[in-house]
Amino acid sequence: MTMQTKNSNGDEKPKFQSFTVDETTYQTLLTPAFEKRKVWQKPDEKKILSSLPGTAVKINVHKGDKVKVGQPILVFESMKMMNTVTAYQDGVIKEIFIKPGDKFSKNYLIFEFE
Amino acid sequence: MPLKNKILELQKRRELVQQGGGEKAIEKQIAMGKLTARERITSIVDKDSFNEYDLFVEHDARDFDMDKVTLAGDGVITGTGTIYGQPIGIYAQDFTVAGGSLGSMHARKITKIMDHTLKLKMPLIGINDSGGARIQEGVNSLAGYGEIFFRNTLASGVIPQISVILGPCAGGAVYSPALTDFVFVVDKISKMFITGPEVIKSVLGEEISQEDLGGAKVHSAITGNAHFYAESEQECFEQITRLLSFIPWNNIKKATKIEPKLPNTKLKIDKIIPEDAKQPYDVRDVVKCLVDNSDFFEVQEYWAANAVIGFGRIGGETVGFVCNQPLVLAGVLDCDSSDKIARFIRYCDAFNIPIITLVDLPGYLPGVDQEHAGVIRHGAKILYSYSEATVPKVTLILRKAYGGGYIAMGSRHLRADFVFAWPTAEIAVMGPEGAANIIFRKEILAAEDPEKMRKQKVQEYKEKFANPYVAASKGYIDAVIEPHETRSRVIHALEVSTYKDAGMPRKKHGLPPF
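In order, the protein sequence lines correspond to chains H and A.
Residues 0 to 113 in numbering that gives the first Met the number 0 are what the first sequence spells out, letter by letter.
Residues 0 to 513 in numbering that gives the first Met the number 0 are what the second sequence spells out, letter by letter.
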């Protein structure tokens, strides 16, 4: 395995890039982790994302249903357990993105409120 | 039975066990590009120095027809040997015997050699090549892991513990290496993960190979779980003995001092830092100009490369280097580099290795991801470990030392013994651009040509504060030195620190921000 940094006094000129800290711009190498950074976005409260990866077992609501805080809306299997997702706001279910048996990853969009 | 026959019997028994899992299993091991457990041990220790124990240990499992199965040495080889003529303890899991799976007697062999090693105050080398818990032994297997982890923790900071991953090391098994000081991995051979690809697929539907999930490259460059990466087992063994050439055998001893040698690099220490302060350079070039033979042994080379850590010798004495690396991300501190630096400082402190810090950083990496990843508590680990370390600490400010970064990187205020600065040092609360914009905001806004005024104010600030002399006037740095004076200054600083006696208040233990 070689690193880009190996080229400091070698024949290949490393590709330096601009990098700003405290309003000063430096020439330096960027790391893959830095380049893959995602721009932060404010979470949309209308969208319910899965907190764990798992498999949907039972969906207790339908599109257009009115739900109240604390009402169970989904049962899913994860980590060898049945987990219940409850509504954390009052509202109307606008869209359901999973059906029983679906596998989903963490932070997967499962419900959307109106 | 005549004596001769008894000896013959012993020889026969030995031979049988030493065949491990038998010819077929050994062929398979070789086909995977791996050496056998026994070959690995003899490749690491001094020639003919390996003494094996517990060769005739057998497992005691009875369930699932295990009473009908014999497993040679219960799948692990343990013993003592020497490296550089100095004693070490070593064990190697034997993948040819039941996949190197860990049962209670297998674990007991390991804990026995660990107990010996701790009592005899010598390094422990553990070679991991195991499919994991021996399922047939149930909770006894788990108990075995627990006993190993407990001893890893007892021995931590007392004797060097080295983990060599030469095969799979999955599930609970990974926690023994994680508790040890240094983890060695080899490309295409090492595999470490808590949950393997099959489990991930069944839960998530994500498909990933063992290599992409927890191969040598992943742990060397992405997770930071491994400290040394090699292309082959032989290269890995050379790295192990090279590491042992630098470090002391236990926490009571100091590393052996050897004949001092001058640096032998063609690099000119006065010419490494570029004229333009915004241009990068490789901080390892500075290290090479300082250490004996220009021989620097870098730790965690591929992970969090914005910080550089490793061992070298100065005037014959082993020192640990902690450096910002302007070549990568301008040398900023972030979560990963903080973890990397803090743990290395604690290693050096535990094993009586003086710490040399080379400072050149613009501060902490800005960003939501860093803040949300807990850069506060990660960064605090550096402050904690520098403050806590009682070994000699010598700090050299090469260029930028701004803000929190200045304080964190082995400053006088965290009880560095000697702080030197090059004339290129800029010790300030923040970079000139940022500082001038805040201090002279009104003047800049009110000016006819704000941009011109801003430039002028930045220049003023630079001239007044972007230097080592303000800090020197307060005694925060002990001397401003020319680059070529650095080595002799450091050697002298280490010499006068020989009898350093610094302590911490009595406590059970502190609470570093883990």
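Glycine included, each C-beta is placed from N, C-alpha and C at the ideal position.
* **Where residue 56 of chain A sits in the DSSP three-state scheme** => In this structure, residue 56 of chain A counts as coil in the three-state DSSP scheme.
* By Cβ distance, which residues of its chain are closer than 7 angstroms to residue 245 of chain A, with the 5 residues on each side in sequence left out? -> If we look at residue 245 of chain A and ignore the five residues flanking it on each side, its Cβ neighbours are 254, 296, 310, 317.
* Asked: Using a Cβ-Cβ cut-off of 6 angstroms (strictly less than) and excluding sequence neighbours within five positions of residue 109 of chain H, which residues of its own chain qualify?
  -> Excluding its 5 nearest sequence neighbours in each direction, residue 109 of chain H has C-beta neighbours in its own chain below 6 angstroms: 47, 49, 96, 97, listed in chain order.
* **For residue 152 of chain A, three-class secondary structure by DSSP** => DSSP, read as helix, strand or coil, puts residue 152 of chain A in helix.
* Establish whether the CB of residue 460 of chain A and some CB of chain D are separated by less than 8 angstroms. => Structure shown: chain D not included; protein chains present are H and A.
* Taking the DSSP output, what are the residues bridged to residue 363 of chain A? -> As a beta-bridge residue in DSSP terms, residue 363 of chain A pairs with A:332.
* Asked: So which residues of chain H does residue 466 of chain A contact, with C-beta pairs closer than 8 angstroms?
  -> The premise fails here: residue 466 of chain A is roughly 16 angstroms from chain H at the closest Cβ pair, so nothing lies under 8 angstroms.
* **residue 14 of chain H at chain A interface by Cβ criterion, 8 angstroms** => Under the Cβ criterion of 8 angstroms, residue 14 of chain H is not counted among the residues facing chain A.
* Expressed to the nearest angstrom, what Euclidean distance is found between the alpha-carbon atoms of residue 385 of chain A and residue 74 of chain A? -> For residue 385 of chain A and residue 74 of chain A, the distance between alpha carbons rounds to 42 angstroms.
* What residues from chain A crowd round residue 114 of chain H, counting only those whose CB sits closer than 8 angstroms? -> Outside the shown range of chain H (0 to 113) lies residue 114 of chain H, about which nothing can therefore be said.
* For residue 54 of chain A, collect the residues of the same chain with a Cβ closer than 7 angstroms to its Cβ; drop the 5 residues on either side in sequence, then sort them by chain order. => 13, 16, 72.
* Reference residue 66 of chain A; option with closest CA among A:136, A:383, A:477 -> The option with the nearest alpha carbon to residue 66 of chain A is A:136.
* Beta-carbon proximity list for residue 162 of chain A, same chain, < 6 angstroms, skipping 5 on both sides -> Contacts found: 125, 176, 179, 182.
* Can a CB atom of chain H be found closer than 8 angstroms to the CB of residue 323 of chain A? -> Residue 323 of chain A does not count as touching chain H.
* Asked: Which stretch, first to last residue, makes up the beta strand (DSSP E) that contains residue 452 of chain A?
  -> Residue 452 of chain A: not part of any beta strand (DSSP E); member of the alpha helix (DSSP H) spanning 449-464, first to last residue.
* Asked: Whose CA, out of A:167, A:274, A:406, A:110, lies closest to the CA of residue 517 of chain A?
  -> This structure does not reach residue 517 of chain A, given that chain A is present from 0 up to 513, and the question cannot be answered.
* Asked: Within 10 angstroms of its Cβ, does residue 189 of chain A collect 16 or more other Cβ (buried), or is it exposed?
  -> Buried, because 16 or more other Cβ atoms sit within 10 Å of the Cβ of residue 189 of chain A.
* **Closer than 8 angstroms to chain A by CB, residue 106 of chain H** => Not flagged as an interface residue toward chain A: residue 106 of chain H, since no C-beta distance is shorter than 8 angstroms.
* For residue 113 of chain A, three-class secondary structure by DSSP -> Collapsing the DSSP output to three states places residue 113 of chain A in a helix.
* **Anticipated Cβ contact below 8 angstroms, residue 404 of chain A with residue 360 of chain A, distance rounded** => 4 angstroms between Cβ atoms; contact.
* Asked: Residue ranges of each beta strand (DSSP E) run of no fewer than 3 residues wholly in the stretch 403-441 of chain A, ordered along the chain?
  -> You should have 417-420, 425-427.
* Coarse secondary structure for residue 396 of chain A, derived from DSSP in three states -> DSSP, read as helix, strand or coil, puts residue 396 of chain A in strand.
* To do: Put residue 17 of chain A into one of helix, strand or coil per three-state DSSP.
  => Residue state, collapsed to three classes: helix.
* chain H contacts made by the stretch 268-291 of chain A, where a contact means CB separation under 8 angstroms -> Within the stretch 268-291 of chain A, the residues whose Cβ lies closer than 8 angstroms to some Cβ of chain H are 277, 278, 279, 280, 281, 283, 284, listed in chain order.
* Under the three-state DSSP convention, the category residue 65 of chain A falls into -> In this structure, residue 65 of chain A counts as helix in the three-state DSSP scheme.
* residue 298 of chain A and residue 357 of chain A closer than 8 angstroms at C-beta -> At the C-beta level, residue 298 of chain A and residue 357 of chain A stay beyond 8 angstroms of one another.
* **Those residues which DSSP pairs with residue 90 of chain A across a bridge** => DSSP lists A:77, A:125 as partners of residue 90 of chain A.
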